[in-house]
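Let me begin by presenting the structure, written as structure tokens, before commenting on it.
There are 2 protein chains.
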Amino acid sequence: MYKEPLGVKVDFETGIIPGAKKSVRRLSDMKGYFLDEKAWEEMVKNGDPVVYEVYAVEQEEKEGDLNFATTVLYPGKVGKEFFFTKGHFHAKKDRAEIYIALKGKGGMLLQTPEGEARWIPMEPGTVVYVPPYWAHRTVNTGNEPFIFLAIYPADAGHDYGTIAEKGFSKVVIEEDGEVKVVDNPRWKS
Amino acid sequence: MYKEPLGVKVDFETGIIPGAKKSVRRLSDMKGYFLDEKAWEEMVKNGDPVVYEVYAVEQEEKEGDLNFATTVLYPGKVGKEFFFTKGHFHAKKDRAEIYIALKGKGGMLLQTPEGEARWIPMEPGTVVYVPPYWAHRTVNTGNEPFIFLAIYPADAGHDYGTIAEKGFSKVVIEEDGEVKVVDNPRWKS
Ligand SMILES: [Mn+2]
Ligand SMILES: [Mn+2]
Numbered sequence: 001m002y003k004e005p006l007g008v009k010v011d012f013e014t015g016i017i018p019g020a021k022k023s024v025r026r027l028s029d030m031k032g033y034f035l036d037e038k039a040w041e042e043m044v045k046n047g048d049p050v051v052y053e054v055y056a057v058e059q060e061e062k063e064g065d066l067n068f069a070t071t072v073l074y075p076g077k078v079g080k081e082f083f084f085t086k087g088h089f090h091a092k093k094d095r096a097e098i099y100i101a102l103k104g105k106g107g108m109l110l111q112t113p114e115g116e117a118r119w120i121p122m123e124p125g126t127v128v129y130v131p132p133y134w135a136h137r138t139v140n141t142g143n144e145p146f147i148f149l150a151i152y153p154a155d156a157g158h159d160y161g162t163i164a165e166k167g168f169s170k171v172v173i174e175e176d177g178e179v180k181v182v183d184n185p186r187w188k189s
Numbered sequence: 001m002y003k004e005p006l007g008v009k010v011d012f013e014t015g016i017i018p019g020a021k022k023s024v025r026r027l028s029d030m031k032g033y034f035l036d037e038k039a040w041e042e043m044v045k046n047g048d049p050v051v052y053e054v055y056a057v058e059q060e061e062k063e064g065d066l067n068f069a070t071t072v073l074y075p076g077k078v079g080k081e082f083f084f085t086k087g088h089f090h091a092k093k094d095r096a097e098i099y100i101a102l103k104g105k106g107g108m109l110l111q112t113p114e115g116e117a118r119w120i121p122m123e124p125g126t127v128v129y130v131p132p133y134w135a136h137r138t139v140n141t142g143n144e145p146f147i148f149l150a151i152y153p154a155d156a157g158h159d160y161g162t163i164a165e166k167g168f169s170k171v172v173i174e175e176d177g178e179v180k181v182v183d184n185p186r187w188k189s
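So the protein sequences, as listed, match chains F and U. Counted from 1, the first sequence has number 6 at position 6 by the UniProt record's numbering; the numbering is strictly sequential. Counted from 1, the second sequence has number 150 at position 150 by the UniProt record's numbering; the numbering is strictly sequential.
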């Protein structure tokens with residue numbers, strides 16, 4: 001009748017959650033996401049690297065229940081753009097989320113439905129509160145895997161389509177050896 | 001109109017969240033919670049130690065929103081019983097919670113409304129899923145502060161009364177130098 005409590009040891013160095021459902025996103029799974037399409041095509045041909053892996057422990061889609069998942073976002077760039085996760089709104093748009101950075105260096109791009117963006121840098125120990133209604137994408141701006149834990153309502157769901165189509169209004173690039181958050185030239189509000 | 005995203009650096013060594021609301025529970029705030037009432041009274045007279053501190057970042061009580069908080073649970077015993085947090089059910093009983101152990105050694109006692117108990121040991125990296133309907137209390141079984149982060153629905157609320165009155169069906173004690181989870185002699189189902 002009651003669900004069993006669960007205790008799992010998460011490896012903060014590798015992000016692995018024993019027994020969790022693992023998914024893998026390769027660069028070929030992210031067609032159209034990066035600005036430099038030639039660089040993307042070249043990299044897909046030459047090994048199609050893993051961009052990120054997710055280990056998720058999820059419950060039924062019920063109000064008030066909670067899921068948790070780690071993400072291992074690998075270092076890399078497509079052209080000037082740092083590797084990132086696809087990013088999404090929640091299908092139930094008013095569902096919040098909490099991220100906890102465990103290892104590496106990166107940040108989160110957030111965006112309202114109207115395209116107002118925010119950039120929050122993350123390092124181990126950074127806790128990010130994603131308020132209701134904001135799309136969110138993480139970016140690895142470092143040289144090692146960027147690993148974080150996320151907790152989200154079990155009934156939040158994912159809307160990837162809006163971001164897949166329009167992207168974010170900002171992009172995170174390396175220029176002159178620096179991390180820069182600049183306007184997305186392809187963005188149409 | 002939209003709430004602002006928030007990024008805070010949480011010190012995993014001290015549990016401190018800059019800007020968070022801090023609350024302090026001293027032993028005198030926990031009258032009736034420990035089995036050995038004489039030992040409790042003596043300790044309250046002799047310094048009334050802090051048992052735990054909580055740093056909370058909380059939102060309005062809205063469905064789908066999330067709060068987070070760290071707890072610093074100090075090492076200590078009242079008689080044979082290890083220091084613990086008061087423990088509670090959620091006021092909205094079907095709200096889940098996720099705990100992440102950051103430092104020190106301890107565990108979580110969980111209990112259904114009918115008094116069926118579970119004990120989950122926790123060390124840094126342990127993530128505990130508290131399913132809907134389970135009361136939960138953390139216990140420090142080590143010699144240093146036991147520090148953890150919790151994420152819970154903003155509309156979960158707290159029902160402390162049931163546990164304050166009846167306690168848990170199990171108690172966590174030190175006996176012969178060992179940590180033991182044993183039946184609570186005062187428990188009435
Ligand atoms: Mn999300
Ligand atoms: Mn709780």
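All C-beta atoms, glycine included, are put in the ideal place defined by N, C-alpha and C. Predicted model, so just to flag it, every value in this text is computed and none were measured.
Exercise. Which two residues bound the contiguous beta strand (DSSP E) that contains E175 of chain U?
Worked result: Where E175 of chain U is concerned, the enclosing beta strand (DSSP E) stretches over K170 to E175.
Problem set entry | beta-carbon A150 of chain U near ligand 2 non-hydrogen atom, thresh 8 Å | yes
Exercise. Relative to chain U, which residues along the segment 121-153 of chain F have a C-beta separation below 9 Å, given in chain order?
Worked result: P121, M122, E123, P124, G125, T126, V127, V128, Y129, V130, P131, P132, Y133, W134, H136, L149, I151, Y152 and P153
For this session: Could you spell out the range, first to last residue, of the beta strand (DSSP E) harbouring W119 of chain F?
Result: A117 to M122
For this session: Tell me whether G106 of chain U is buried or exposed, calling it buried when 16 or more other Cβ atoms sit within 10 Å of its Cβ.
Result: Buried.
Exercise. Which runs of the alpha helix (DSSP H) spanning at least 4 residues fall entirely within the segment 19-100 of chain F, listed in chain order?
Worked result: Listed in chain order, the complete alpha helix (DSSP H) runs (minimum 4 residues) inside the segment 19-100 of chain F are 37-45.
Exercise. Interface residues of chain U around I98 of chain F at Cβ under 8 Å?
Worked result: L66, F68 and I151
Problem set entry | Host beta strand (DSSP E) of T126 of chain U (start-end) | T126 to V130
For this session: State yes or no: is the beta carbon of G7 of chain U nearer than 9 Å to at least one beta carbon in chain F?
Result: yes
Exercise. Can you name, in chain order, every residue of its own chain whose Cβ lies under 6 Å from the Cβ of G115 of chain U, other than the five neighbours on each side?
Worked result: S169 and S189
For this session: Rounded to whole angstroms, what's the CA-CA distance from T14 of chain F to V72 of chain F? Just pull it up for me.
Result: Each residue's alpha carbon lies about 8 Å from the other.
Exercise. Should the segment 85-103 of chain U be called in touch with the segment 122-129 of chain U, which here means at least 3 C-beta pairs below 8 Å?
Worked result: yes
Exercise. Does L110 of chain F get closer than 9 Å to chain U when you measure Cβ to Cβ?
Worked result: yes
Exercise. Does the beta carbon of R186 of chain U sit closer than 9 Å to a beta carbon anywhere in chain F?
Worked result: no
For this session: Quick one: grab the DSSP three-state call for A164 of chain F.
Result: helix
Problem set entry | CA-to-CA distance, G142 of chain F to E53 of chain F, given in whole angstroms | 17 Å
For this session: Determine the direct distance from the alpha carbon of Y55 of chain F to that of G47 of chain U, and round the result to whole angstroms.
Result: 46 Å
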